[in-house]
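A.B. asks: Here the protein sequences come in this chain order: A and B. If you're matching positions, the first sequence starts at 1062 in our numbering and goes up one per residue. If you're matching positions, the second sequence starts at 10 in our numbering and goes up one per residue. All C-beta atoms, glycine included, are put in the ideal place defined by N, C-alpha and C. This is the structure I want to talk about, given as structure tokens.
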Amino acid sequence: MPLYLALLCVGALIGVGVASIRYKDRADVTRLVYGLTGGLCAAIFLAVIVPRGAHVLQTTLPLGLPWIGMRFRIDALSAFFLAVVNLGGAAASVYAIGYGAHEKSPMRVLPFFPAFIAGMNGVVMADDAFTFLVAWEFMSLSSWALVISHHDHAENRAAAYIYLLMASFGTFCLLMAFGVLGGATGAHDFDTIRAIPKDAWKSGLVLALVILGAGSKAGLVPLHIWLPLAHPAAPSHVSALMSGVMTKVAIYGFIRMAFDLLGPPAFWWSIHPLAFGAASALIGVLFATVQSDLKKLLAYSTIENVGIIFVALGLALAFKANGQALPAALAFTAALFHVFNHALFKSTLFFGAGAVLGATGEKNIEKLGGLIRSMPKTAFVFLGGCMAIAALPPLNGFVSEWLVFQAILLSPSLPQWILKLLTPAVGVTLALSAALGAGAYVRAFGVVFLGRPRSDAAEQAQETDQWSLRAMFALIALCLLAGITPSFMIDTISPAAAEYVGGRMPAQSQIGWFTIAPIAESRSSYNGLLVFAFIGLSAFAMAQTIKKFFPRPLRRAPPWDCGYVDPTPASQYTASSFAQPVRRALGAVAFSAREKLDMPLPGETRAAHFSVEIGDRFIDYIYAPLTKAVLFCAGRLNVVNFLSIQEYIALVFAALVFLLILVAL
Amino acid sequence: MTFLFDLFAQAAQMALVLALAPVLIGFTRKVKARLLRRRGPPLLQPWYDLIRLLRKDVVLAHDASWLYRAAPYLIFSTTWVAASLVPTFATGLMFGWIADLIALTALLGAARFFLALAGMDVGTSFGGIGSSRETMFGSLAEPATIMIAFIVSLIAGSTQLSEVAAYMASDFALRVSVLFALIGLIIVAIAENGRIPVDNPATHLELTMVHEAMILEYSGRHLAIIEMASALKLLLYVSLIGCIFFPFGIAPPDGSLADMGYGVAFYVVKIFVAGFLLALFEVSTAKMRIFRVSDFLGAALMLGLLGTLLVFVTRSL
């Protein structure tokens, strides 16, 4: 029943998209589309969170290719991801009821927004390769249309172009992966694929293709280059969906292939997710530390979080391959918990960035500042989002990172030497990226919301609308709730873990007081609720004590600033000056950061000028040579453009003969 | 009855760290002065200073937001909660299990998060300098702490500080990785508390300061709370080093009142020894350039990584 309801809602989502074109002249079309989309997402969310026991729901619809149909299925994993997708979708819709009113050309967004959500739902419910790929492509293309919705900026067109290239490349890799999986049997439904025995080279090939395919959609380094371009280009509620939810659908794709369709894992499967995940975590956060475009900063931090999730999945694969069910369940739970958390706080942060953009028209954080006074509610929510993503207790981001660390602490029991050497390195990378991430968000919040306004736009900002605030407050409340009662989340994930890694963590909600103890209480335990209560109580006690015994008045004065009178907000620390120590310490290695200082000679009266250029080495060393090679080959093959008709026919014939020989072999 | 006793022990622990933290600062200052042939302020001078600050009005910059006023309380309470989770005179205290070593690091990270934000709130350049530098130090010191936490928890088989202390007390063997962890933690403690050679808590020389730059605009009770929090943080690190590496005399989980009395005596001796060593170290070294601090903390991070690798590798042999 939930499956049919979900499918019906997905159909309705596409219907809403189509209908929006029909009713585009209605004044309230924006509200209507987002309202309906939000309602449908909420319906799917409610349908899948109903406990189903161990039931797997399956159906075949007579759609798509003749005699094949489309198969759909919901198991514990799909249900979890459906919940994440639709929670994010519902929040983005509620937010967009307010935010979408700013849209200059709404028809470039409205038809594609519900279609995008429908595509993501389709991927998660698909039960055969055909349906999976169709839904995947549906998701990619509708999000591409959303990325290019503000097509009057040249950079957005460039972003959409690169996004389309990378998305096509990803789908192509997944297509090949399914081709190899099905092999000569041509099997395309997941049940048959599961049953086919795979040899080592075949699973290795599929795994590589999946990492390329799903990894490019998730933003795994070095396939991440589209992400910091596309996320800022899209409208903010779409950025939130792409960053908070679509990358999660890509992770679902990876889990579906690596943990399910490929059968029992070998230990070396874990090496790639571990290594690429750790690299993504560190590189993503380093770039987030130096960005001055707020949405770009958030996009790079998504790369970091995707990296953390892949590390946890890699650990889960390693433990599963070695038959260690309990640690595997712990790592798998950590990954899914982080998926959920990231969807919550990254959506919140993108919503906040959208509110700031709407209020000031400014994405460049160097021109913002002081917004905590003009937009106090947005500032409050954004601060919460920053704390959550910076993994500060008692919010939810900390719990999932803590679980990942606990999983790493169990990895000395892995017998393979390569993993023994790799996991401590991965551990230090994660610790480093967590700390750098906290710094990046101190910078983001501090420069945007604190201090004095650096431009007129920032000075005259107004608080954002009620609908946007509702969506943000709802998500941040969930962040706190998931942080102080993590045992519920862990128990919710445990059926999926049982299904995919064959192990369960001890039931956490039975420990009491919302404590979590992943292995045993003597080993490690954490209680978010009590930490929260203690922090609150001690702050309150301190405040009350002072109020009672030392009631001193408070007066306002100009800042002291060591006696230095500075009338201009330009003397404040900016985002780039804040990042300078990290840029200096790591800039030469991590990113090709170049500081240019144009200092006038003594006596000259022109202004000095300072600028920083940040380059991406992956573009310099991978993509630039690749583009060059493609252009070179294209130039060489250009001759083929100018052949006579006989030569064309000969060419086609030769190709046919070649292919026949290939098949005959 | 046991419940009440446990509650009493926990409350005593929280009160003890609060009372002793400024004393440790005072003792360190006193020893430093004596080593420099000065007389030095009285032992309780930090307490007098705190009370003096509490009796003053708060002068707040025009641009200060609510975050600026809330930050001291948040910094103080996260630090205090973290400090009361570290076993000082007894292990297995009532609320010791609510957070482990990794959570403790994150709690200190939360305190730093708010401190750095407070530094940026008024919108002066000095506050920004402090926050920016503190953030850089933190982004190296925090992973180093986590790696050290990895080492000790892999050896002790638990990230719970009580369990770690109990294990170290029962099975004290000299290991290379433990030594690495000790050196690393000392480096982190020096950097995190803004001591010489990383930062100078007594300076008001604008371009060299970190911690002081962030709290430059604070006054009255706000400043008092922040000073209290930073004293607590120093005490926390000293207790942490004490309970992990020198867990002598700590009362067992079901210890009697006498055990706890011994525990307190041992603890006080430990922190005075630590204060003396810290003062000795500080008078014999000079402050380093800001960009050398990343090398100094990088050493701690490398020691942590090496130690963790050693534990990983030797586990299987």
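What are the residues that DSSP puts in a beta bridge with His1670 (chain A)?
C.D. replies: Per DSSP, A:Asp1659.
A.B. asks: Suppose contacts are defined by Cβ-Cβ distances below 8 angstroms. Is Ile1580 (chain A) in contact with Leu1358 (chain A) by that definition?
C.D. replies: Against a cut-off of 8 angstroms, the Cβ pair of Leu1358 (chain A) and Ile1580 (chain A) comes out as no contact.
A.B. asks: Closer than 8 angstroms, CB to CB, is Gln19 (chain B) near chain A or not?
C.D. replies: no
A.B. asks: Can you check which of these residues, B:Thr100, B:Ser140, B:Ala99, B:Leu16, is closest to Ala1499 (chain A) by C-alpha distance?
C.D. replies: B:Ser140
A.B. asks: Which chain A residues are close to Leu314 (chain B), counting only those with a beta carbon under 9 angstroms from its beta carbon?
C.D. replies: Those within 9 angstroms of Leu314 (chain B) in chain A are Pro1485, Ala1486, Gly1488, Val1489.
A.B. asks: Just to make sure I have the definition right: I need the residues of chain A whose C-beta is within less than 8 angstroms of the C-beta of His71 (chain B). Which are they?
C.D. replies: Within chain A, the residues near His71 (chain B) are Arg1617, Ala1618, Pro1619, Pro1620.
A.B. asks: Considering only the alpha carbon of each residue, which of A:Ser1331, A:Ala1342, A:Pro1325, A:Ile1158 lies closest to Tyr1561 (chain A)?
C.D. replies: A:Pro1325
A.B. asks: For chain A, check one thing: does any of its Cβ atoms lie closer than 8 angstroms to the Cβ of Arg142 (chain B)?
C.D. replies: yes
A.B. asks: Which bits of chain A does Tyr176 (chain B) rub up against, with CB to CB less than 7 angstroms?
C.D. replies: Those within 7 angstroms of Tyr176 (chain B) in chain A number zero; the least Cβ separation is about 10 angstroms.
A.B. asks: Arg1616 (chain A) lies in the beta strand (DSSP E); which residues open and close that run?
C.D. replies: 1615-1618
A.B. asks: For Leu1470 (chain A), return the contacting residues in chain B, with the cut-off set at a CB-CB distance below 8 angstroms.
C.D. replies: Phe159, Ser162, Leu163, Thr168
A.B. asks: According to DSSP, is Ala1187 (chain A) helix, strand or coil?
C.D. replies: strand
A.B. asks: Are there 16 or more other CB atoms within 10 angstroms of the CB of Arg46 (chain B), so buried, or fewer, so exposed?
C.D. replies: exposed
A.B. asks: Taking the alpha-carbon positions, what's the Ala1261 (chain A) to Leu1235 (chain A) distance?
C.D. replies: 18 angstroms
A.B. asks: Compile a chain-ordered list of the residues in the stretch 216-240 of chain B whose CB is closer than 7 angstroms to at least one CB of chain A.
C.D. replies: Leu225, Glu226, Gly229, Arg230, Ile234
A.B. asks: Which term fits Thr11 (chain B), buried or exposed, when burial requires 16 or more other beta carbons within 10 angstroms of its beta carbon?
C.D. replies: Of the other Cβ atoms in all chains shown, fewer than 16 fall within 10 Å of the Cβ of Thr11 (chain B); this residue is therefore exposed.
A.B. asks: Between the Cα of Gly1375 (chain A) and those of A:Leu1335, A:Leu1397, A:Ala1414, spot the shortest distance and give me the residue it belongs to.
C.D. replies: A:Leu1335
A.B. asks: DSSP on Asp1627 (chain A), reduced to helix/strand/coil?
C.D. replies: coil
A.B. asks: Using only alpha-carbon positions, find the residue among A:Ala1311, A:Leu1343, A:Ser1210 that is nearest to Ala1291 (chain A).
C.D. replies: Nearest neighbour of Ala1291 (chain A) by Cα position, chosen from A:Ala1311, A:Leu1343, A:Ser1210, turns out to be A:Ser1210.
A.B. asks: Along the stretch 54-82 of chain B, where does the CB come closer than 7 angstroms to a CB of chain A? Name the residues.
C.D. replies: Leu63, Arg64, Lys65, Asp66, Val67, Val68, Leu69, Ala70, His71, Asp72, Ser74, Leu76, Tyr82
A.B. asks: Nearest chain A C-beta to Phe275 (chain B) closer than 8 angstroms, yes or no?
C.D. replies: no
A.B. asks: Which residues, taken in chain order from the stretch 103-124 of chain B, show a beta carbon closer than 8 angstroms to some beta carbon of chain A?
C.D. replies: Phe104, Trp106, Ile107, Ala108, Asp109, Ile111, Ala112, Ala115, Leu116, Gly118, Ala119, Arg121, Phe122
A.B. asks: Is it a yes or a no for the stretch 1424-1432 of chain A touching the stretch 1513-1522 of chain A, going by three-plus beta-carbon pairs under 8 angstroms?
C.D. replies: yes
A.B. asks: Let me check one thing: in DSSP terms, what residues is Asn1425 (chain A) bridge-paired to?
C.D. replies: A:Asp1354
A.B. asks: Taking only three categories from DSSP, how would you classify Gly1587 (chain A)?
C.D. replies: It is worth fixing the name first, because residue 1587 (chain A) is Tyr in this sequence and not Gly. Correct three-state label for Tyr1587 (chain A): strand.
A.B. asks: If we ignore side chains and look at the alpha-carbon of each, how far apart do Met1275 (chain A) and Glu1665 (chain A) end up?
C.D. replies: The question names Met, but residue 1275 (chain A) in the sequence shown is Ala. So the two alpha carbons sit approximately 56 angstroms from each other.
A.B. asks: What does Asn1402 (chain A) touch in chain B if you count any residue whose Cβ is under 8 angstroms from its own?
C.D. replies: Near Asn1402 (chain A) there are no residues of chain B at all, since even the closest Cβ is about 14 angstroms away, more than 8 angstroms.
A.B. asks: Taking only the alpha-carbon atoms, compute the straight-line gap between Glu221 (chain B) and Ile205 (chain B) and give it to the nearest angstrom.
C.D. replies: 13 angstroms
A.B. asks: Taking 8 angstroms as the CB-CB cut-off, is Phe85 (chain B) touching chain A?
C.D. replies: yes
A.B. asks: Is there contact between the stretch 1072-1092 of chain A and the stretch 1132-1144 of chain A, where contact requires at least three CB pairs shorter than 8 angstroms?
C.D. replies: no
A.B. asks: Near Ala1532 (chain A), what residues of its chain come up, given a Cβ to Cβ distance below 7 angstroms and the 5 sequence neighbours on each side ignored?
C.D. replies: Ala1152, Val1155, Tyr1156, Phe1412
A.B. asks: Would you list, in chain order, the members of the stretch 247-268 of chain B that have their beta-carbon closer than 8 angstroms to a beta-carbon of chain A?
C.D. replies: none
A.B. asks: Quick one: what does DSSP say Leu326 (chain B) is sitting in, helix, strand or coil?
C.D. replies: Residue placement at Leu326 (chain B) cannot be trusted, given a pLDDT of 49 that sits under 50; what the coordinates show is reported in the next sentence. For Leu326 (chain B), the secondary structure class from DSSP, reduced to helix, strand or coil, is coil.
A.B. asks: Which chain A residues sit within Cβ distance under 9 angstroms of Met156 (chain B)?
C.D. replies: Listed by position along chain A, the residues whose Cβ is nearer than 9 angstroms to that of Met156 (chain B) are Pro1485, Gly1488, Val1489, Ala1492.
A.B. asks: Give a yes or no on whether 8 angstroms exceeds the smallest Cβ distance from Thr317 (chain B) to chain A.
C.D. replies: yes
A.B. asks: Three-state secondary structure (DSSP) at Ala1501 (chain A)?
C.D. replies: Helix, per DSSP.
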